[in-house]
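Asker: Here's a structure for you.
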Amino acid sequence: MDSLSLSLKIYKNLRRHHFRLLFSLSTSHSKKKQKIFSFEMVGSVGFVTVAGVVAGGESNGKPEPLPEELINPESLLAEEDLPIEEEKPKREIVLGRNVHTTCLEVTEPDADDEVTGEREAYMAGVLARYRKSLAERTKHHLGYPYNLDFDYGALAQLQHFSINNLGDPFIESNYGVHSRQFEVGVLDWFARLWELEKNEYWGYITNCGTEGNLHGILVGREVFPDGILYASRESHYSVFKAARMYRMECIKVDTLMSGEIDCSDFRNKLLQNKEKPAIINVNIGTTVKGAVDDLDLVIKTLEETGFKHDRFYIHCDGALFGLMMPFVKRAPKVTFKKPIGSVSVSGHKFVGCPMPCGVQITRLEHINALSRNVEYLASRDATIMGSRNGHAPIFLWYTLNRKGYRGFQKEVQKCLRNAHYLKDRLQAAGIGAMLNELSSTVVFERPKDDDFVRRWQLACEGNIAHAIVMPNITIGKLDDFVDELILKRSSWFQDGKIRTPCISADIGVDNCACKLHK
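Below, the structure written as structure tokens:
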């Protein structure tokens, strides 16, 4: 709605409110007090002036306050013109169904099963149906950052071996069925990516991104046992899990509308706790909005508040975008040439891997605080877990060799282009949407149908949901999603008339598509 149309609607409703208020006040307060309302039109905006008249007709000389309904011009819009404001009470989190209702029971084989083959036939049928289900769920997958575009058929020959990289990746143990040679090759690749020399780093292949955060924050805690953990409110929940596990004091820092850490608030909270070292989690892509914290500004804020490099430790959570940003030309660099302590990424996200895994890299000088000799292994160990999946390093090694830096750069560019396409299509359909500059995470209004959310496996938080455009997400799939969303939206309102909710508090006025902000 343009400003002229909005002003005319306000004026018409002002007149309606004017006569209703005069009638109400003159009938209910005629004996005690009268209030006279006059309206003055200035340009296209109506202003209300109030003169107070006490009993006996003597003015008190002071203007009476406006009634609440006239203070805010939005309140004078007709009901159908107002944007939908989502209710402020805390939304009840909708949990998934109890898997016990659909679990596959484990039963004892019958005595003659080996002869009849019935059990083998039954299990083959279960697996065939499960594979069909996986194919269908993969087809409608948009909300979580997993690259499902991979083919590891060449590695099937290794599934017959129990490969375990228990202990330190750089020191062999007595257990000989390991893949350390692949693991260290992968670690060297990531160390080069983040500009850390071979003799200056230590790291390992983790079981997931959360383990990388747990390890990075643990190293920070060991370096500064009395340090305070600072993390933005939009950090991954594993960061706050680490604080609980390690009994660390944790301070949550406010964020900007984009989801990026608010360094003004960070500065204030640092100044309140100058006597203790700082351990900081920096997000290279937040969970919900895909926002990238300004690493350089975080370091500058620390330095300006009196924290020298020997009094802070920075862990960079790069779960998804930590592997994408190095291939975006205009993106700020995540590098160990800056005073950071560790970086972690997920291996099953942008790289693409059939099992959860991750990479954690830290400075070798820090790891001695954690590392211990283990006689049982004839090795050392500074990892979170003991046994570690020895297949994961091989999968990562295989993909890194096949794609290389140029292959990843092409995939990153494709994801960013397709993310802009999705955002543009949503906005063209009148759906509020936001996309951060360095991100492939598109944030939009939360669908009102939980079945639709589950069908497309969308991640939701409060009034918003998001789709993450990964290498396996094609333009065709994005078109299918948007077309279905547009079709379903009309059925989510009883009268069939779509009223776009206001999500400006979540994605900003410029990105909101409600009638007030359109």
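In the working numbering, the protein residues as written are 1 to 518. Glycine is no exception: its CB is placed at the ideal position from the N, C-alpha and C atoms.
#1: For the beta strand (DSSP E) containing residue 531, name the first residue and the last one.
#2: At a cut of 8 Å, does the region 309 to 322 reach the region 271 to 291 through at least three beta carbon pairs?
#3: Write down the C-beta distance between residue 300 and residue 228 rounded to the nearest angstrom, noting that I regard them as a contact closer than 8 Å.
#4: Hey, how far is the Cα of residue 458 from the Cα of residue 172?
#5: Which stretch, first to last residue, makes up the beta strand (DSSP E) that contains residue 215?
#6: Classify residue 200 as helix, strand or coil using the three-state DSSP reduction.
#7: Do you know how far the Cα of residue 184 is from the Cα of residue 128?
#8: Over what stretch of residues does the alpha helix (DSSP H) that includes residue 245 continue unbroken?
#9: If we count the other Cβ atoms within 10 Å of its Cβ and call it buried at 16 or more, is residue 352 buried or exposed?
#10: Within its chain, find whatever has a CB closer than 6 Å to the CB of residue 463; leave out the 5 residues flanking it on each side and keep chain order.
#11: Please report whether the beta-carbon of residue 354 lies at a distance below 8 Å from any beta-carbon of chain C.
#12: Applying the 10 Å Cβ sphere with the 16-neighbour rule, what's the burial state of residue 195?
#13: Look at the alpha carbon of residue 141 and the alpha carbon of residue 338, and state the distance between them as a whole number of angstroms.
#14: Taking all protein chains shown into account, decide if residue 456 is buried (16 or more other Cβ within 10 angstroms of its Cβ) or exposed.
#15: Provide the residue span of the beta strand (DSSP E) that contains residue 360, from first to last.
#16: Going by C-alpha to C-alpha distance, which of 240, 255, 257, 256 sits closest to residue 249?
#17: One question on the structure: do residue 396 and residue 163 come within less than 8 Å of each other, judged by their Cβ atoms?
#18: Using a Cβ-Cβ cut-off of 8 Å (strictly less than) and excluding sequence neighbours within five positions of residue 269, which residues of its own chain qualify?
#19: Compare the C-alpha of residue 509 against each of 130, 99, 220, 431 and name the closest.
#20: Would you mind stating whether residue 372 and residue 380 have Cβ atoms separated by less than 8 Å?
#21: Run the proximity test for residue 204: is its beta-carbon closer than 7 Å to any non-hydrogen atom belonging to the ligand SAM?
Answerer: According to the structure data:
#1: Missing from the structure shown is residue 531; the chain here goes from 1 to 518 and no further.
#2: Verdict: yes, contact present.
#3: As a first step, residue 300 is located in the sequence shown; it is residue number 300 there, counting from the start. As a first step, residue 228 is located in the sequence shown; it is residue number 228 there, counting from the start. 19 Å between Cβ atoms; not a contact.
#4: The count along the sequence shown starts at 1 and reaches residue 458 at position 458. The count along the sequence shown starts at 1 and reaches residue 172 at position 172. Rounded to the nearest whole angstrom, the C-alpha separation of residue 458 and residue 172 is 43 Å.
#5: As a first step, residue 215 is located in the sequence shown; it is residue number 215 there, counting from the start. Run containing residue 215: none in the beta strand (DSSP E); it sits in the alpha helix (DSSP H), 209 to 223.
#6: For the purposes of this step, residue 200 is taken as the residue at position 200 of the sequence shown. Residue state, collapsed to three classes: helix.
#7: In the sequence shown, the residue the question calls residue 128 occupies position 128. In the sequence shown, the residue the question calls residue 184 occupies position 184. Straight-line Cα distance between these residues: approximately 37 Å.
#8: Along the sequence shown, read from residue 1 onward, the residue named residue 245 stands at position 245. Residues 237 to 245.
#9: Here residue 352 refers to the residue found at position 352 of the sequence shown. Counting Cβ neighbours within 10 Å, residue 352 comes out buried, since at least 16 surround it.
#10: The residue labelled residue 463 in the question sits at position 463 within the sequence shown. Result list for residue 463: 86, 446, 503, 506, in chain order.
#11: In the displayed structure, chain C is absent; only one protein chain is listed.
#12: Numbered from its first residue, the sequence shown carries residue 195 at position 195. Label assigned to residue 195: exposed.
#13: Here the question's residue 141 lines up with position 141 in the sequence shown. Here the question's residue 338 lines up with position 338 in the sequence shown. Their Cα atoms are separated by approximately 37 Å.
#14: Translated into positions along the sequence shown, residue 456 becomes position 456. Using a 10 angstroms sphere on the CB of residue 456, the tally of other CB atoms reaches 16 or more, which defines it as buried.
#15: Taking the sequence shown and counting its residues from 1, one reaches residue 360 at position 360. Counting along the chain, the beta strand (DSSP E) containing residue 360 begins and ends at 358 to 363.
#16: Numbered from 1 along the sequence shown, position 249 holds the residue referred to as residue 249. Ranking 240, 255, 257, 256 by CA distance to the CA of residue 249 puts 240 first.
#17: Stepping through the sequence shown from its first residue, residue 396 is reached at position 396. Stepping through the sequence shown from its first residue, residue 163 is reached at position 163. The criterion of a C-beta distance shorter than 8 Å is not satisfied by residue 396 and residue 163.
#18: Counting from 1 along the sequence shown, the entry for residue 269 is found at position 269. If the five residues before and after residue 269 are omitted, its C-beta is found closer than 8 Å to the C-beta atoms of 230, 251, 253, all from its own chain and listed in chain order.
#19: In the sequence shown, residue 509 corresponds to position 509, counting from 1. Of the candidates 130, 99, 220, 431, the one whose C-alpha sits nearest the C-alpha of residue 509 is 431.
#20: By 1-based counting over the sequence shown, the position of residue 372 is 372. By 1-based counting over the sequence shown, the position of residue 380 is 380. The answer is yes: Cβ separation under 8 Å.
#21: The model on display carries no ligand, and the ligand SAM is accordingly not part of it.
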